[in-house]
Amino acid sequence: MKVGDLVKYRDRKSTDPPPPGSWGEVGLIISVATDRFREDFKETSIEYMNDDGDFIIARQDDVEVISENG
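The sequence shown lines up with residues 6 to 75 when you count with our numbering.
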């Protein structure tokens with residue numbers, strides 16, 4: 006995954022918190038980094054901008070690329 010790719014956040018699982026959430030949302034990657042989502046465990050994260058112009062930080066494993074940039 007890289008800056009400029011179009012991604013889709015995964016669908017909601019039954020074990021996820023109830024909405025609101027970003028379930029199934031599409032957005033454009035604006036940065037790739039490392040973040041801590043669980044205690045003492047860093048993993049790759051992406052920041053994307055959704056259709057509403059909101060900036061979302063997500064685990065890379067929770068999104069899929071639907072269109073690559075270049």
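Backbone N, C-alpha and C define an ideal beta-carbon position, used for all residues, glycine too.
Task: W28 beta carbon less than 8 Å from that of R41 - done: Along the sequence shown, one-based indexing puts residue 41 at 36. Along the sequence shown, one-based indexing puts residue 28 at 23. Cβ atoms of R41 and W28: not closer than 8 Å.
Open item on the list: Could you tell me the alpha carbon to alpha carbon distance between M6 and E44, rounded to whole angstroms?
Closed with: For the purposes of this step, residue 6 is taken as residue 1 along the sequence shown, with counting starting at 1. For the purposes of this step, residue 44 is taken as residue 39 along the sequence shown, with counting starting at 1. Straight-line Cα distance between these residues: approximately 24 Å.
Open item on the list: Beta-carbon within less than 8 Å of N55's beta-carbon, same chain only, minus the 5 sequence neighbours each way: which residues are those?
Closed with: Along the sequence shown, one-based indexing puts residue 55 at 50. The residues are S27, E30, V31, G32, I61.
- [ ] Specify the secondary structure class of D40 as computed by DSSP and reduced to three states.
- [x] Mapped onto the sequence shown, residue 40 falls at position 35. In the structure shown, D40 falls within a strand segment according to DSSP collapsed to helix, strand and coil.
Open item on the list: Can you give me the C-alpha to C-alpha distance between I51 and S72, rounded to a whole angstrom?
Closed with: Here residue 51 refers to the residue found at position 46 when the sequence shown is read from its first residue. Here residue 72 refers to the residue found at position 67 when the sequence shown is read from its first residue. Rounded to whole angstroms, I51 and S72 show a C-alpha spacing of 15 Å.
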